[in-house]
Every structure is written in structure tokens, then in C-alpha cells.
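**Q** The structure that follows is given in the form of C-alpha cells.
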Amino acid sequence: MGACLADGAKVRVTAILNEDIAQLLPYVNAVVKYASFDPGGLTITFKYRGSPVILEKRRVVVGQLDNLDAAEDILDDLMDFLCDVQSKMGQITPVFQPKIQPQPHEIIKLLPRTNCGRCGETTCTAFALKLVLDQQKAENCLPLTGDEIRKVLSVLESFNHQQLKAD
Ligand code: SF4
119 MGACLADGAK
129 VRVTAILNED
139 IAQLLPYVNA
149 VVKYASFDPG
159 GLTITFKYRG
169 SPVILEKRRV
179 VVGQLDNLDA
189 AEDILDDLMD
199 FLCDVQSKMG
209 QITPVFQPKI
219 QPQPHEIIKL
229 LPRTNCGRCG
239 ETTCTAFALK
249 LVLDQQKAEN
259 CLPLTGDEIR
269 KVLSVLESFN
279 HQQLKAD
């Protein structure tokens, strides 16, 4: 495992894998909610436990970590996650193309757009952006009715095929 300091005090680590995991990447793409998949370059980028992760066929890079202990912890967890995906390959339909991501503007039009701040965000736009990144919950927009929350959730869910537990 190699480590370097990036973004000031944050740590970025690189782990070299013993195995070629190229064939696993489309399965990871299928289960991770929001990922950027480059099938040509065989690279997938996503957030795991809040940290940016890049997977390549023989390399894992994790960034924005507080220290090397955190790096070790997240790498262990990430390896467990990849083993979990590998063990479930028979049940997962691989996705070989980049997935369409939900866009904040599709969510904003479903919100009250009053910027009331009751969700804890300063604007509805900020709330929508966090919703599509899975960093907010639709029910935190307190003015929304149950039906309106369900509508927001159904739009968000329409972009998700399958998912395990990456964030
Ligand atoms: S609670 Fe709803 S209406 Fe108020 S700012 Fe947040 S998203 Fe907008």
C-alpha cells in the first residue's frame, strides 16, 4: 500500500491488487448507486463511506482520508465489499455502460422552492444536490406531503438498478 498527502492534511492511498479485477468492475457499476464508469479505460470511480475511490484492474486508490489508520480500515472494508460483489456475481446483472445519474434540476421541480431552510440546507437547490448524492433524505424537506415525498423517492429510485451497501 502506498500513501501520500493530498489536499493539505488529507491522505490518499494506493493499493496494488494481486488479482486482475477488471471483470468485476461492471458488477460494481451495477450495485454502486452513483458511479462514474469508464468501460474503455476499465476504471470506476465512486464514493465509499464518504471517500472517493478509484478502482482499476489491478489498483485501488482511496482519497480524502484522515490518517493511515482510516486508510487501512476503509481498504479492509472495501475489499470485503468487493468480495461480496464477487460472491454475488451470479445474481447481479453487470452494467457495462456509464449509468444515467439523476440530475438536481429533476428533483428541484418537485420541491416547494421556498428556500425555507427547514431541511437544514440554505436553499432547495442545495437540498436537491445532496439528495442526488445520497447525502440528504427526502423526508427532511418538512413542507412536503407524504405523496410528494414518495414522488421524489420514485424519481431518485428510477435511476437505481441494484445496489448493495456502498455510499
Ligand atoms: S425544507 Fe424543503 S422547501 Fe425548505 S429549503 Fe429545504 S428543500 Fe427547500
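Mapping of the sequence shown onto the working numbering: residues 119 to 285, in sequence order. Idealized CB from N, CA, C, for every residue including glycine.
When we look at the beta-carbon of I225 and count the other beta-carbons within 10 Å, is it buried (16 or more) or exposed?
**A** I225 should be labelled buried.
**Q** On the criterion of 16 or more Cβ atoms from any shown chain inside 10 Å, does I162 qualify as buried, or is it exposed?
**A** buried
**Q** Assuming K217 and N147 are in contact, meaning their beta carbons sit under 8 Å apart, how far apart are those beta carbons, in whole angstroms?
**A** With 8 Å as the limit, K217 and N147 qualify as a contact, their Cβ atoms being about 7 Å apart.
**Q** Is E176 near D202, with beta carbons less than 8 Å apart?
**A** Strictly speaking, residue 176 in this sequence is Arg, with Glu absent from that position. Going by C-beta atoms, R176 is not nearer than 8 Å to D202.
**Q** Could you tell me the alpha carbon to alpha carbon distance between Q253 and G168, rounded to whole angstroms?
**A** For Q253 and G168, the distance between alpha carbons rounds to 9 Å.
**Q** Restricting to Cα atoms, I'd like to know which of E239, N258, Q219 and C242 is closest to S276.
**A** Q219
**Q** Return yes when at least one heavy atom of the ligand SF4 lies under 7 Å from the C-beta of L229, else no.
**A** Yes, the Cβ of L229 comes within 7 Å of a heavy atom of the ligand SF4.
**Q** Examine the ligand SF4 and report whether any of its heavy atoms sits within less than 7 Å of the Cβ of T263.
**A** no
**Q** What is the rounded straight-line gap between the Cα of Q280 and the Cα of T243?
**A** Reliability fails at Q280, whose pLDDT of 39 lies under 50, so the model's placement of it is uncertain and the value that follows must be treated cautiously. Taken atom to atom, the span from the alpha-carbon of Q280 to that of T243 is near 27 Å.
**Q** Nearest-angstrom Cα distance between E239 and E190?
**A** Each residue's Cα considered, the two are about 33 Å apart.
**Q** Look up L249 in the DSSP assignment and say whether it is helix, strand or coil.
**A** helix
**Q** So is the beta-carbon of R177 under 7 Å away from any non-hydrogen atom of the ligand SF4?
**A** Distances taken from the Cβ of R177 to the heavy atoms of the ligand SF4 include none shorter than 7 Å.
**Q** Are A133 and V171 closer than 8 Å when you measure CB to CB?
**A** Against a cut-off of 8 Å, the Cβ pair of V171 and A133 comes out as no contact.
**Q** Report the CB separation of L200 from P222 in whole angstroms; it is logged as a contact under 8 Å.
**A** Actually they do not touch by this definition, with Cβ atoms about 30 Å apart.
**Q** Any heavy atom of the ligand SF4 closer than 7 Å to the CB of T232?
**A** yes
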